Amino acid sequence: MPDFQPKIVAFVCNWCTYAGADLTGTSRMKYSPQVSIIRFPCTGRIDFMLLLKAFASGADGIIVSGCHPNDCHYSSGNFHARRRWIIFRGLLDFLGIDVRRVQFSWVSAAEGAKWAQLVNETSERIRELGPFAGYQRLRGLGVG
Amino acid sequence: MARIGVFICHCGENISATVDVKQVAAAAARIPGVAHSVEYKYMCSDPGQQLVKDAIREKGLTGVVVAACSPRMHEPTFRRACAETGLNPFLCEMANIREHCSWVHEKGDATTEKAIDIVRTLVAKVKKNKALQPIQVPVTKVALVIGGGIAGIQASLDIANAGHRVILVEREPSIGGHMSQLSETFPTLDCSQCILTPRMVEVAQHPNITLYSYAELESLDGFIGNFKARIRRKARSLDETLCTGCGLCTQKCPTRKIPGEFDAGLGLRPAIYVPFPQAVPNKPVIDREHCTYYRTGKCRLCEKICPTQAIRFDQLDEIVEVEVGAVVVATGFDIKHGDFFPEYGYGKYPDVIDGLQFERLASASGPTLGEIRRPSDGKVPETVVFVACAGSRDPAKGIEYCSKICCMYTAKHAMLYRHKVHGGKPYVFYMDIRAGGKMYEEFVRRAMEEDGVQYVRGRISRVFERDGKLVVKGADTLLGARPMEIEADLVVLATAAVAQPGAEELAQKLHVSYDAHRFFSEAHPKLRPVETNTAGIFLAGACQAPKDIPESVAQASGAAAKVAALFSRSELVREPLIAVVDRQPPPVYSSCVGCFLCQSACPYQAIEKEEIRGRDGQLIKTVARVNPGLCQGCGTCVAFCRTKSIDIQGFSHEQVHAEVLALLNRGERDA
Amino acid sequence: MNALREKARELLATKTVQVVIGYAPGSGGAARALFVREAAQAGELVFDETCLQNLAAYLMKPEVRRLGRAALVARPATLRTILQLAAENQLAESSLLALVPGADGVLSLSTFSAIEAHVAAQDNDLSAAEKSELEKFAAMGLDERREFWQEQFSRCLKCYACRAACPLCYCTRCTVECNQPQWIPVPAHDLGNLEWNVMRAMHLAGRCTNCGDCSRACPVGIPLYLLNQKLCSDVLSSFNQRSGMAARADHSLSTFKPDDPEDFIR
Amino acid sequence: MRSDPHVHAAGAALADLVLKKTGVDVARCYQCGKCSAGCPLAAEMDFPPSQIMHLLQLRDLPGFAEMALRSHTIWLCLTCEICFCRCPMELDIPKVMDALRHEALARGMVHPKAKDILAFHRAFLDSVRVTGRLFEMGQVVDYKLRSGHFLQDMLQAPWMFWVGKLHLLPERVRDRRALKRIFARTRRAGEKRP
Amino acid sequence: MKTGFYPGCSMKGSAREYSESLLAVARELNRELPEVPDWNCCGATAAHNLDPDLALALPARILAAAEKDGMDEVLVPCAACYSRLKVTRHELLEDEQLRQRISGLVEADYRGSTEVLNILEWLSRVPELEKHVKKPFQRKVACYYGCLLVRPAGIVKFDRPEDPQTMDLLMRKLGAEPIDWAFKTECCGAGFSVSRTDLVAKLSGHILEDAVSRGAEAVIVACPMCHLNLDMRRPNIEKRAGKKISIPVIYITQALGLAMGLPAKKLGLQRHKVAVKISAANAAAKDI
């Protein structure tokens, strides 16, 4: 699938990864434009239902990123998020949903380069995995 | 029906160079609910803002999306502009098409497409925004200053002189920090202690300053204007109110051979000690690790001879709780120690020392009373090699940055050596000389021209010992990188300035961010250099990055000014981006079922139990309630709530749900 | 069984409780719930291997609560459910006592701590058969698992019988009933069915006590227990926690340890 | 690593070739001189290692990078790895030296004084090509023929026979054809051997 | 765990005594050391100086042969060969494309399961080595590591590159007193033994002079090239230094053999250029 351009949604926290992605921009580092960011106050705020909604709406991949452990602006939101993801990932895998489509990461406000790298690598991986046709077929009945 | 205005900024060429802004404006105009869509060269300029304000008035806009830079930059600007027209400021959102789009992608359709996606997403969000009212919170006008080095001292004095109470916490038994260890200071060569100690005394005597020395921050909770700090006062084993500082105990203590911290390990101190004669407070502390009594249960000599019976062997650490409105972090730096340079024999050869140790050798209050004598045999060194950039600018050693102070202090060391040892031969190995500062370049020139310090441009490869000499293998890159060997008597490494041990833990206690090298991060590298990302917590001195004394003092005064500005008001206005629990009319009252999973998830203990009672006082149900004063708006509770009864203002279910759908092009059906 | 009936009679006669919730013979090989409010009626109570239902579900129904203090005939999972509900602030200690029929009579547990002690002593692990079924699943290919669940969920009617049977689905407003935004589409179709079942599983993660009533309730026979057992097993292996072990316990998903596993996070 | 792709695209500077072959970006060298200070043979070199790096850095200045190829240094480098070990920028200088040697050979720019060293290496590889293992006796004879140093080491040889260190007949690999094929394949990529 | 043995060319020739002493010691320790089947030369300095592909291909063939033979690891006593094999292993495992290309060149696939081991690693693993010591090697020794046992540190990942200690610890177990000296990891001149003997005389001379000036009675080595330069090149070293330098240079396996009480002849001590006039047992020097 050479000219497949994946759609990737990034759910990021305001304090670390959003700022880190700002730094990527300020440093003029380049990355793949297939990724768009939705800002949350904290990874703790990110409801797993939103990930399902993103896939249901046609996302081929998802990035969820926040502050490194112990660096959470709210001290522990990311720890709660981490537990939620451990369970959610296990469940997705159990249901036969390819968890390689959801990339979790910690990107701090200082890690502009890491953000660019993360986006590029994730886009590349999703491109290799191809469109998330299996999930998108579920939309068959035209509800979204 | 929503009437949204979309304002697309070119940011000069920052956006328009890679994003077709006209196309974005045209696409935005077609989004249902968008009543107005324009692009302009500088939206943040006065005419740009006027454009927004006029449109709000003329088109009766119910929401505004400014597609420009990061909300971290201009969100306040445009929200204020909206407020001036009477539009609730929280009905304005920024679509970040600069940092997250134009700057990170090449020019092309995909980039413009993405900019349109971002705009559509934020339009979808703003349609679900609600008018919000700011929250007023009171301010406790007491400042907590952490760290009693020159930065902490300066900040404390400035805040105290502005009329506010200060609590100064210092980890060591005395305030003074690294500056008190220095011999002379560049570029004036005035005595460090002579200029520092008056300030230390002023701290001790200031009516507005409470000093907790030998104490550490245990925890910090709360938020700007309303922090609660717990401070651990470590047991000095002494009743400070009784101790007169006579010094008898320190003179008589039988355990005397402990390498002293103040002398950087070069001098010895007793087990009960005052770090240095001018210490503030001038009260000793018992080092329980080395004290004979604590080790063997016998001795108690100090107790017997103390004229005021001030010794308290059974003293325990004490936790003090204080309420403060602002925090200044001034915990300073450390230098790299230990087995860090095996090729230079640092840590192996006693005569390979670091810069701080040289300060003590050169200091009149030091172990050699200011005579330069090498540690191994007390000989006056005839040849001294000073090595700059020892670990700084050295990615292989994990430190990429310049430590900033070494060029200057190395020049100072070489000069002091020449002044004290006539005929001594000082060599300085350097990579570059960074002497940007008032009278700094002149100072380095003086070292070369007047004091005959020989500068060799190159980094040394190795130091090894041979026949009582230290053989330094270097090369002069100005002479064809010709290798050379210098037989030195003393080698002084300007080891890298690094963050304090424990900096990471402190940052975590304070919820401030820190960089890869564990220096605390300022809110903005240029424009907010003394603030942290956590409101109400400010930075001063070398805990943020290596700094010399004038810079530390300047930043400390800056932080103090910020604190004073904060304390100039009795109430603060906070953004109302906080969680709320759903309330409904009887008989439902709330969709909350009171499972209180949110309560254990909340990092701020902001969730309370509210009992809903009938008119007869009968308990109908117990539901969650968010204390708006405590909630910081992380939203962790929101994601836990199965009944979706908690929502967070500004990032509500409806808002983020709409964003996800809109981003993926499917928002329109929902609109 | 006689001991149980005797105990029920005594509790009702002494007005220690106002209702005994137990089992009576049912149709189709499964016992049905029986609400005994008069001592005389106690003779109808039975307890045997057909008594599978988790009667704790009734404790959450307002109609039952109005009856007064209840004695509940409890299986091992029922006891854990009681503790889990208590941990979620849903049960008052004074509102119930648990009757545990055993080989030598019936045990009456009237405090949470008594129930905790009893639960701590019982085997709370997944059975060997349950574990091996999970292992079989883990060994399957991703596509195979997906096809399995797609087929299963395609039969889901969104009748919410699972929810009605579940003692922990006591929310008065389920996410599925929220329409601003509409998290889960109302009609039954593949996407909505998947979302509904993922959501329910996630909402039970760290809470479910593996009573199995959801699967028994499902009219089309979707093996919902598999999802719950998978999550029970993950919660145990990742966080070393089990639901329903104590009446005052932190929920495993709203607490954390700084060193929780994170090998999947970059 | 520099992130700007345009820098590398322009022209085929030697520095680019080095980057491609070794992964070492010479632009990262900031000329501290620690490599030269520790190099055991820096004093013998026409350009100590740090200067070789600097020659490569002057990518667009005609003639400079070529001076690195024509240098004696690249043949004197013993691959003792001390420079790499201590380089603050963790630049694999020995690998750069290898790449420069290969390039110097390919372009026929070998420093005249490197003749002996090169002769020794060639004699060594010849021996391996024929027998699969180094035949020290054969190599020494071969080297003497190539270098013209007939007297050197003649004093050592009888002693080595005496203590049993030198054999008159070579040790051989059984599958010598396989070895020959390896040499034939790699030769294509490498220098034009005489 | 199957440990193979790659002797390399010099151990069959100029460093014969290294091989003899190793095998004698291995026998005494009950360790089997089967040779890598039909091994070839590693290419040494010549290959990587002249031909990058050959420099990887020759060691790759050796590694592949060892792997095919089921060896979990290969002991490579020659430090130079060790370096070539270790570097090749590292590069092939870092770069899958390269690995495949080189595999094609040598018609054999090395997948990376066989590890490469140096002599110090191998000896350090012997449990309670000191129990095998019958005649303690009571001598002041200079442990000479040379370059390639410890460098490049990121690839060999063995001991620390500055002031390593593994050999010192081993020698201490044999009863010796390792001196603290400055030339542990300085280069001896390596492959220039024949082509630039002048440089070898200088570099090796510095090493020996430092060892002697600090009172060492023997230099302990773990590399045939180092031995060649420090021992066989002694006439050149002495000529350059303008003085006699009589300190013997002993392979670590020879030192171990002596300490275990093996006869000097079995350890090949008679093959040295510089007479080894010390026995392990006591301080009274006696000819062997």
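Protein chains in written order, with my numbering: chain A, 1 to 144; chain B, 1 to 671; chain C, 1 to 266; chain D, 1 to 194; chain E, 1 to 288.
Glycine residues also receive a C-beta, built at the ideal position from the N, C-alpha and C atoms.
It should be emphasised that the depicted structure is a prediction, and the values quoted were computed from it without experimental measurement.
At a CB-CB cut-off below 8 Å, which residues of chain C make contact with residue i?
i: residue 644 of chain B; result: 173, 175, 178, 183
i: residue 158 of chain A; result: Residue coverage of chain A in this structure runs from 1 to 144, which leaves residue 158 of chain A outside it and unanswerable.
With the cut-off set at 7 Å, would you say residue i and residue j are in Cβ contact?
i: residue 601 of chain B; j: residue 627 of chain B; result: no
i: residue 539 of chain B; j: residue 329 of chain B; result: yes
i: residue 571 of chain B; j: residue 138 of chain B; result: yes
i: residue 253 of chain B; j: residue 271 of chain B; result: yes
i: residue 99 of chain A; j: residue 93 of chain A; result: yes
i: residue 424 of chain B; j: residue 417 of chain B; result: yes
i: residue 183 of chain C; j: residue 95 of chain A; result: no
i: residue 194 of chain C; j: residue 137 of chain C; result: no
i: residue 25 of chain E; j: residue 257 of chain E; result: yes
i: residue 210 of chain C; j: residue 228 of chain C; result: yes
Since I believe residue j is in contact with residue i (beta carbons under 8 Å), could you give me their beta-carbon distance rounded to a whole number of angstroms?
i: residue 133 of chain D; j: residue 91 of chain D; result: Wrong, their Cβ atoms sit about 34 Å apart, outside the cutoff.
i: residue 99 of chain D; j: residue 18 of chain D; result: 5 Å
i: residue 157 of chain C; j: residue 188 of chain C; result: 6 Å
i: residue 410 of chain B; j: residue 486 of chain B; result: Their Cβ separation, rounded to whole angstroms, is 16 Å, which puts residue 410 of chain B and residue 486 of chain B out of contact at 8 Å.
i: residue 63 of chain E; j: residue 114 of chain E; result: 6 Å
i: residue 24 of chain A; j: residue 116 of chain A; result: 5 Å
i: residue 146 of chain E; j: residue 188 of chain E; result: 6 Å
Give the interface partners of residue i over in chain B, defined as CB-CB distance under 9 Å, in chain order.
i: residue 198 of chain E; result: Those within 9 Å of residue 198 of chain E in chain B number zero; the least Cβ separation is about 18 Å.
List the DSSP bridge partners of residue i.
i: residue 38 of chain B; result: B:7
i: residue 136 of chain B; result: B:573
i: residue 210 of chain B; result: B:167
i: residue 113 of chain E; result: For residue 113 of chain E, which the question treats as bridged, DSSP gives no partner whatsoever.
On a Cα-Cα basis, can you pick out the residue from the options that is closest to residue i?
i: residue 392 of chain B; options: B:253, B:546, B:472, B:541; result: B:546
i: residue 24 of chain B; options: B:54, B:46, B:45, B:65; result: B:65
i: residue 46 of chain C; options: C:253, C:88, C:102; result: C:102
i: residue 76 of chain A; options: A:88, A:63, A:45, A:109; result: A:45
i: residue 73 of chain A; options: B:126, B:533, B:559, B:245; result: B:533
i: residue 165 of chain B; options: B:633, B:156, B:630; result: B:156
i: residue 222 of chain E; options: E:5, E:1, E:15, E:3; result: E:15
i: residue 134 of chain E; options: E:11, E:5, E:28; result: E:28
i: residue 106 of chain C; options: C:113, C:118, C:112; result: C:118
Under 7 Å Cβ-Cβ, which residues of chain B neighbour residue i?
i: residue 171 of chain D; result: Chain B residues near residue 171 of chain D: none, gap ~40 Å exceeds 7 Å.
What in chain D is Cβ-close to residue i, meaning under 7 Å?
i: residue 689 of chain B; result: Since the first and last residues shown for chain B are 1 and 671, residue 689 of chain B lies out of range.
i: residue 229 of chain E; result: The premise fails here: residue 229 of chain E is roughly 11 Å from chain D at the closest Cβ pair, so nothing lies under 7 Å.
i: residue 106 of chain E; result: 182
Show which residues of chain A have a CB atom less than 9 Å away from the CB atom of residue i.
i: residue 623 of chain B; result: Going along chain A, no residue has its Cβ under 9 Å from residue 623 of chain B, so there is no contact; the nearest lies around 20 Å.
Name, please, each residue of chain B whose Cβ falls closer than 8 Å to the Cβ of residue i.
i: residue 26 of chain A; result: 99, 103
For residue i, go through chain D and note every residue whose CB falls closer than 9 Å to its CB, in chain order.
i: residue 32 of chain B; result: Neighbours of residue 32 of chain B on chain D: none; closest Cβ ~40 Å, over 9 Å.
Determine the chain E residues that contact residue i at a beta-carbon separation under 9 Å, and present them in chain order.
i: residue 167 of chain D; result: 12, 13
Using the beta-carbon of each residue, which ones in chain E are nearer than 7 Å to residue i?
i: residue 673 of chain B; result: Past the edges of chain B, shown from 1 to 671, lies residue 673 of chain B, and the structure says nothing about it.
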